[in-house]
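Chains as they are written, first to last, in this note's numbering: chain A, 98 to 142; chain B, 14 to 94; chain C, 117 to 810.
Just so you know, even glycine gets a beta-carbon here, dropped at the ideal spot from N, CA and C.
Pasting the structure below:
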């Protein structure tokens, strides 16, 4: 328990990073299937 | 709609040659771009005033300014008013 | 006509010339709600919205691309024609057409009106710009015009909202009956139409009479390949037209003549002119704006003023954003004890995203000013001036507006090339477009330029030259490529309408700026957020052993990547930090600033004298190489700037280029070519500058 309470911040941060990476990978693969503009390129198209 | 003889065509005054600042009346449109010209507003019997010359000329038709190249203006035949 | 069966809403289409005020009217009718999509199979935008009429009925309002007639010249106009003829399988035919017409210029607009009437659709004429017509001395009688045309006519002035209520009230059920053709042709012509229409009916075509008239009235429709028409229909039409010509009847000519007569009659009956053709205010302004020499100075002055405003007026809101970011960072940092999560939230996310969001005021100001310029009517003058330059490099005068849009963002610019008739010129424009410095580069320029030049005036000038360099290269390369790409098609000749100057529609401009702000924040909150998180991770792990924290960069994964690529970027005068920042910004250019901030671990100062941006610059100026010399001398900064001017660092742009050109070859060639060009340019600048002793 004490290891987690000592390092919980690192675990939390690592989780966030891992989730972010996963999201990017999923979107990259989905983009391959249906190419489009992507709607967050900052141009509102 | 087209001129009957080459002579007629050559002697007629076209918009490209017309003098700046004067009013004219469009007599005929003759050439490959007639359709486009007509659509944007150069119709037979319309009044047109030539505003300026230059690489592209500007004229006033029906209260609107239109800019066109000389190649196109050569297809619009006018008479002075 | 369908009035809402099968859960589909009745559809109302807005049709009219470009520049007539269709979009303004559309906005007046629909308010904020507006959906932008695509027509299936073609890359033309579809703009629509649902509205409620005063009688409580729901309708779909579609703003069709502007067209001068139903004999189209560009892909935009083709879509309008096909939708109106009902040939678009996935897009139902409208139940009612609102034809927006310029009251001050009826002779030019009514030909389209007649063509719409001939389609057998219910038509409602919105007689727009009545105030302007009145000011020009025109007295119009909408009722008489309505009688002559056989369709309802509503007078309005879209920019002031006048007449919009009446227009909405005219949208009631039952819809007006389909209009009837107003002219009758000679026996031969009518016979030809009837015969062709019978043939088309046996081929199974819908609305044979309408299609027959369209085919006889437009040679291109008969002769050129039309994806939406069966070939047999075209063959039958060609035969019919040939038969007419044998009897000395040219169908198109006669149809046009008949329409013209009808229009003339209608106008004579309905209007009373006291037109004074004297010099209007627009003419006076145009004496300068269109002057062959003066016009260029005028143009340069306007562009210069825009850039100057961006540097001068955006300061205050940018400072507010900086303060906001700083306070948020302190507050969040205080919520947690020191640790990795704290660092991720504050140094990573807030600082990283904040570094980009700070530039939002500048970006919005740029959009606002360009929007004002567009709304005022000046853009067609600029197009006119640019035509000569465009033509000399092999582009169309119509390339100008897409290229100008590229200053905001390349993607709408690429899509705007759809109005260019010539395929070759369209491709050329698309290929060089990304060299128009887009707003994503603005944070990079804004951070680096003050490192080179302290005064605002000097910075503005430098900005001017940066944009000029990008555009100049674009035009130069277009010229070179135009010699090598494709067969030189006969370039369509220059023909452009110069609408009178007017006050921009401010609500439209504001809405546009708001759209862009939201889009930017969406990007910041998603793509940039994600990148910044990953960059933080790469920069934080592996951790430097205690006692060597200031060397964290070198120990981290990011640092190792940086040192790996250092040999490649060293000839450009860069180090590992700049290398990684540039690498990261291939995902999104703005991230350059985030990465520089994070890699220098820019901390907030006790004394808030320096803004966040100034701190980044101080960190860069103070950084020293191992031998004590400045790590980022001016020449290095310059080479970074040059790289960013030329590099194509936006994968969505590549995706859109592929979509618009229907070719991966061109999209990838563009990406590779521009990246290489950027590298070489930065290389030449740095090495050349070093040799010259800078």
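Buried versus exposed, by CB contacts within 10 Å (16 or more), residue i
i, result
"residue 147 of chain C", "exposed"
"residue 715 of chain C", "buried"
"residue 46 of chain B", "buried"
"residue 143 of chain C", "buried"
"residue 729 of chain C", "buried"
"residue 421 of chain C", "exposed"
"residue 139 of chain C", "buried"
"residue 680 of chain C", "exposed"
"residue 27 of chain B", "buried"
"residue 138 of chain A", "Note on residue 138 of chain A: pLDDT 41, under 50, position unreliable in the model; no value is reported."
"residue 185 of chain C", "buried"
"residue 77 of chain B", "buried"
"residue 811 of chain C", "The structure shown does not extend to residue 811 of chain C, since chain C spans only 117 to 810, so no value can be given for it."
"residue 792 of chain C", "exposed"
"residue 741 of chain C", "exposed"
"residue 132 of chain C", "buried"
Between the CA atoms of residue j and residue i - distance to the nearest angstrom
i, j, result
"residue 723 of chain C", "residue 731 of chain C", "Annotation note: pLDDT 48 at residue 723 of chain C (below 50); position unreliable, coordinate value reported separately. Approximately 12 Å between the Cα atoms of the pair."
"residue 378 of chain C", "residue 298 of chain C", "7 Å"
"residue 346 of chain C", "residue 58 of chain B", "38 Å"
"residue 617 of chain C", "residue 415 of chain C", "15 Å"
"residue 296 of chain C", "residue 236 of chain C", "6 Å"
"residue 720 of chain C", "residue 430 of chain C", "Low per-residue confidence applies at residue 720 of chain C: pLDDT is 49, beneath 50, and the placement is therefore not dependable, though the value from the model is reported in the following sentence. The straight-line gap from Cα to Cα measures roughly 22 Å."
"residue 201 of chain C", "residue 304 of chain C", "24 Å"
"residue 89 of chain B", "residue 785 of chain C", "44 Å"
"residue 519 of chain C", "residue 568 of chain C", "28 Å"
"residue 809 of chain C", "residue 789 of chain C", "30 Å"
"residue 535 of chain C", "residue 655 of chain C", "46 Å"
"residue 105 of chain A", "residue 453 of chain C", "11 Å"
"residue 427 of chain C", "residue 232 of chain C", "49 Å"
"residue 670 of chain C", "residue 659 of chain C", "10 Å"
"residue 290 of chain C", "residue 217 of chain C", "23 Å"
"residue 19 of chain B", "residue 43 of chain B", "12 Å"
"residue 599 of chain C", "residue 541 of chain C", "12 Å"
"residue 276 of chain C", "residue 555 of chain C", "32 Å"
Member of the options whose CA lies at the smallest distance from the CA of residue i
i, options, result
"residue 75 of chain B", "C/556, C/808 and C/615", "C/615"
"residue 710 of chain C", "C/598, C/799 and C/473", "C/473"
"residue 496 of chain C", "C/478, C/411, C/423 and C/420", "C/411"
"residue 91 of chain B", "B/78, B/18, B/56 and B/84", "B/56"
"residue 312 of chain C", "C/300, C/348, C/341 and C/285", "C/348"
"residue 512 of chain C", "C/532, C/167, C/494 and C/526", "C/532"
"residue 279 of chain C", "C/242, C/610, C/300 and C/251", "C/242"
"residue 361 of chain C", "C/308, C/251 and C/772", "C/308"
"residue 137 of chain C", "C/320, C/744, C/748 and C/183", "C/183"
"residue 300 of chain C", "C/370, C/624 and C/803", "C/370"
Under 7 Å between C-beta atoms of residue i and residue j
i, j, result
"residue 457 of chain C", "residue 109 of chain A", "yes"
"residue 487 of chain C", "residue 441 of chain C", "no"
"residue 269 of chain C", "residue 261 of chain C", "yes"
"residue 198 of chain C", "residue 325 of chain C", "no"
"residue 375 of chain C", "residue 230 of chain C", "yes"
"residue 757 of chain C", "residue 547 of chain C", "no"
"residue 475 of chain C", "residue 559 of chain C", "yes"
"residue 644 of chain C", "residue 704 of chain C", "yes"
"residue 333 of chain C", "residue 368 of chain C", "yes"
"residue 649 of chain C", "residue 114 of chain A", "yes"
"residue 530 of chain C", "residue 595 of chain C", "no"
"residue 285 of chain C", "residue 210 of chain C", "no"
Contacts of residue i in chain D (Cβ-Cβ under 8 Å)
i, result
"residue 456 of chain C", "Absence of chain D from the displayed structure is noted, the protein chains being A, B and C."
For this session: Note down, in chain order, all residues in the region 74-86 of chain B with a beta-carbon under 8 Å from any beta-carbon belonging to chain C.
Result: From the region 74-86 of chain B, only 74, 75, 76, 77, 78, 79, 80, 81, 82, 84 and 85 have a Cβ closer than 8 Å to chain C.
Exercise. What residues from the region 616-649 of chain C come within 7 Å of chain A, judged by C-beta to C-beta, listed N to C?
Worked result: For the region 616-649 of chain C, which is checked against every Cβ of chain A, the residues closer than 7 Å are 631, 632, 635, 636, 638, 639, 642, 643, 646 and 649.
For this session: With 9 Å as the limit, tell me which residues of the region 500-534 of chain C have their beta carbon closer than that to any beta carbon of chain B; keep them in chain order.
Result: Considering only beta carbons, the part of the region 500-534 of chain C lying closer than 9 Å to chain B consists of 500, 503, 504, 507 and 513, in chain order.
For this session: Could you name the residues of the region 725-756 of chain C whose beta carbon sits closer than 8 Å to any beta carbon of chain B, in the order they occur along the chain?
Result: From the region 725-756 of chain C, no residue has a Cβ closer than 8 Å to chain B.
Exercise. Listed from N- to C-terminal order along the chain, which residues in the region 685-707 of chain C have their beta-carbon within a distance smaller than 7 Å of any beta-carbon of chain A?
Worked result: Against chain A - using a Cβ distance shorter than 7 Å - the region 685-707 of chain C contributes no residues.
Exercise. Quick one, which residues of the region 363-377 of chain C are near chain B if we go by CB-CB under 9 Å, in chain order?
Worked result: Residues passing the 9 Å Cβ filter: 366, 368, 369, 372, 373 and 376.
For this session: Mind checking the region 195-224 of chain C against chain B and listing, in chain order, the residues whose C-beta falls within less than 7 Å of any C-beta there?
Result: Cβ proximity to chain B below 7 Å picks out 220, 221, 223 and 224 from the region 195-224 of chain C.
For this session: Using a Cβ-Cβ cut-off of less than 8 Å, give me the residues of the region 162-191 of chain C that come near chain B, in sequence order.
Result: Cβ contacts with chain B come from 184, 185, 187 and 189.
Exercise. The region 433-462 of chain C: which residues have C-beta closer than 9 Å to a C-beta of chain A, in chain order?
Worked result: Residues of the region 433-462 of chain C with a C-beta atom less than 9 Å from some C-beta of chain A are 452, 453, 454, 455, 456, 457, 458, 459, 460 and 461, listed in chain order.
Problem set entry | Residues in the region 651-669 of chain C having any Cβ partner in chain A nearer than 7 Å | Cβ proximity to chain A below 7 Å picks out 653 from the region 651-669 of chain C.
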